[in-house]
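Chains A and B, in that order, give the protein sequences.
Under this note's numbering, think of the first position of the first sequence as 342, with each following residue one higher.
Under this note's numbering, think of the first position of the second sequence as 342, with each following residue one higher.
The C-beta atom is built at its ideal place from N, Cα and C for all residues, glycine as well.
Every value quoted in this text rests on a predicted model; they were computed, and no experiment measured them.
Right, one structure below, let's go through it.
There are 2 protein chains.
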Amino acid sequence: MKNEALLKASCPIARSLGLVGDSWTLMILRDAFSGLTRFDEFQKSCNIAPNILSRRLKEMVGHGLLERVSYCSAPPRHEYRLTDKSGELRPIVLALAAWGNRHCVDGQPKMQLVDTLTGREVTAIMVDKETGQPLTVDRYQMVPGPAAGALLRYRHDYIRRKRAGQTPTRFSPPGAD
Amino acid sequence: MKNEALLKASCPIARSLGLVGDSWTLMILRDAFSGLTRFDEFQKSCNIAPNILSRRLKEMVGHGLLERVSYCSAPPRHEYRLTDKSGELRPIVLALAAWGNRHCVDGQPKMQLVDTLTGREVTAIMVDKETGQPLTVDRYQMVPGPAAGALLRYRHDYIRRKRAGQTPTRFSPPGAD
DNA sequence: CAGTATCCTGTCCGATACTG
DNA sequence: CAGTATCGGACAGGATACTG
């Protein structure tokens with residue numbers, strides 16, 4: 342899937358994936374969340390080729406996921422810092438780690454989320470900020486917003502008909518969206 | 342990054358990315374979460390080439406993310422259903438959508454998470470299941486677990502020294518992990 | 001409909017060498 | 001250290017045609 346195509350998509354998930362739907366990017370963010378900031382730290386921790394890392398870091402800076410900050414003038418040295426934008430991805434990456442521990446690891450976990458105040462291992466869940474309720478399928482759903490395009494609306498309608506049991510003719514959304 | 346390499350990695354995030362660190366996979370899951378189940382539904386909704394979709398669906402079934410269920414015998418027809426494993430990714434994908442709405446969309450949101458009981462738009466946050474506290478950086482952190490390998494431990498130690506101000510020699514972890 | 005089979009192209013990536 | 005430059009191979013992805 343082309344990155345640029347995703348970035349222009351109408352669905353917010355698709356657009357997000359255009360920015361962070363790449364394994365290297367997420368691996369770099371993982372390291373940044375744990376405190377790494379420098380080129381060779383990322384390179385060795387991720388075990389990524391320097392040219393690839395260079396390209397990725399530039400893209401991420403360009404997308405506002407990292408900030409390139411000089412911390413030494415002679416010789417010139419930079420570090421890559423998280424931004425507010427990428428900082429907000431931290432819970433998502435943590436959730437992915439927890440999911441991986443449950444489903445992709447055999448035996449004991451290799452990394453785990455803890456409450457540093459108590460040392461207790463933490464189970465993270467997503468909740469409605471207002472009510473504190475977990476985001477169950479029956480109650481919480483994505484629906485087309487005010488700016489939704491034709492494809493999004495069509496899909497939502499189609500699914501409602503499908504759920505109602507009237508499996509409709511077939512899925513034939515209007516042109517591009 | 343090779344998928345197989347990620348799947349064998351020691352870090353749970355890397356392993357998760359080996360399964361779902363691909364844009365098409367996440368796009369298909371997005372559609373599955375919203376209720377689509379059939380080949381042509383995915384194909385048209387994602388606008389993905391049929392051969393690619395076919396490959397992806399097989400991989401996902403092989404990885405336990407989807408289940409292929411026959412719902413009609415003549416002619417033979419199948420649908421792809423979410424599993425428990427992939428169902429647990431739903432909050433993560435929702436969180437990604439919310440992040441995308443905040444940071445990757447200009448103007449009004451195209452899709453939004455609502456409480457279907459009230460119609461109110463929902464802000465989703467990750468919390469500690471026990472305490473209900475949001476996962477702030479200062480209090481909640483990933484640490485090496487009982488089965489952590491050498492690289493994971495080295496990185497964690499290195500970062501602690503780095504945080505303590507004693508920026509140590511440099512990042513040179515032990516060999517593979 | 002629900003896919004499979006081919007072919008072709010782009011590009012992502014890894015390896016390596018080089019530089020201020 | 002913190003990158004850049006170059007090169008070749010593997011593979012993902014798009015288009016298209018075909019089938020039960």
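| Asked | Found |
| --- | --- |
| As assigned by DSSP and simplified to three states, the class of A/D456 | strand |
| Alpha-carbon spacing of B/K349 relative to B/L493, whole angstroms | 14 Å |
| CB contact check: A/V463 to chain B, cutoff 8 Å | yes |
| Test: A/D381 CB closer than 8 Å to a CB of chain B | yes |
| Coarse secondary structure for A/I433, derived from DSSP in three states | helix |
| Classification of A/Y412 by the beta-carbon crowding that lies within 10 angstroms, buried from 16 upward | exposed |
| Alpha-carbon to alpha-carbon, B/N392 and A/G473 | 43 Å |
| Helix, strand or coil at B/F512 [DSSP, three-state] | coil |
| Chain A within 8 Å of B/P450, Cβ atoms only | yes |
| Cβ distance (whole Å) where B/V361 is taken to contact A/I466 below 8 Å | Incorrect: roughly 19 Å between the Cβ atoms, too far for contact. |
| Within-8 Å CB hit, A/V455 to chain B | yes |
| Cβ-Cβ distance between A/V446 and B/V484 below 8 Å | no |
| CB contact flag (A/K451, B/T464, <8 Å) | no |
| Pair within 8 Å by beta-carbon distance, A/L435 and B/W440 | no |
| Contacting residues, own chain, Cβ-Cβ under 8 Å from A/E382 (five flanking each side not counted) | D372 |
| Under 8 Å between C-beta atoms of B/I500 and A/L377 | yes |
| Sequence-distant residues of the same chain with beta carbon closer than 7 Å to A/R422, five excluded per side | T378, L407, E408 and V410 |
| Residues that B/D469 contacts on chain A, provided the C-beta gap is smaller than 7 Å | D456, V463 and A465 |
| Whole-angstrom C-beta distance between A/L437 and B/I433, which should lie under 8 Å | 6 Å |
| Close-in-space but distant-in-sequence residues of the same chain around A/E345 (CB under 8 Å, 5 per side omitted) | G359 |
| Near-chain B residues of the region 496-514 of chain A (beta-carbon distance less than 9 Å), N- to C-terminal order | R496, H497, Y499, I500, R501, K503, R504, R511, F512, S513 and P514 |
| A/T366 vs A/M342 beta-carbon contact at 8 Å | no |
| Residues of the region 471-494 of chain A with Cβ closer than 9 Å to any Cβ of chain B, in chain order | E471, T472, G473, Q474, P475, L476, V478, D479, R480, Y481, Q482, M483, V484, P485, G486, P487, A488, A489, G490, L492 and L493 |
| Contact with chain B by A/R371, beta-carbon distance below 8 Å | yes |
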